[in-house]
């Protein structure tokens, strides 16, 4: 009788544990760079990226009508460049992209922008 009770307890405990996607913790970091102080490079970073898939969010908000321009966002890990980067136009709508196989540890996202534009950056994992 004790074995049956033990097996029932184990089955109930296993049913209560989160599985797969429900068990995954989702974290993020984000930031905004603006015209004051003058910032032509905008960067956010985290030290606790677990490795694997990283979602990147970038939005350039132009403040002056000087004309559209191309810029590049780039993801770096503590081991160096990840190869995950994209060239975008400042007038493009906000976008989200996915980087695969990024090393665990410190990760940063950088975009160059013209002053006095704003840049909104985010990383999700």
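Numbering (mature numbering (1 follows the signal peptide of the UniProt record, and there is no 0)), first residue to last: -23 to -1, 1 to 102. Note that the Cβ used here is the ideal one computed from N, Cα and C, for glycine as well. Just so you know, these numbers come straight off a predicted model, no measurement behind them.
Give the range of the beta strand (DSSP E) segment to which residue i is assigned.
i	result
residue 58	57 to 66
residue 6	5 to 10
In the DSSP assignment, what residue or residues form a beta bridge with residue i?
i	result
residue 85	22 and 53
residue 34	73 and 99
When you compare the CB positions of residue i and residue j, do they come within less than 7 Å of one another, or not?
i	j	result
residue 39	residue 94	yes
residue 31	residue 79	yes
residue 21	residue 11	no
Counting only the same chain and skipping the five closest in sequence on each side, list residues whose C-beta sits under 6 Å from that of residue i.
i	result
residue 27	81
residue 85	20, 22 and 53
For a test of the three-state rule: what should DSSP assign to residue i, helix, strand or coil?
i	result
residue 45	coil
residue 29	strand
Could you pull out every residue in the same chain whose Cβ sits closer than 7 Å to the Cβ of residue i, ignoring the five residues on either side in sequence?
i	result
residue 45	66, 67 and 68
residue 56	80
residue 74	33 and 63
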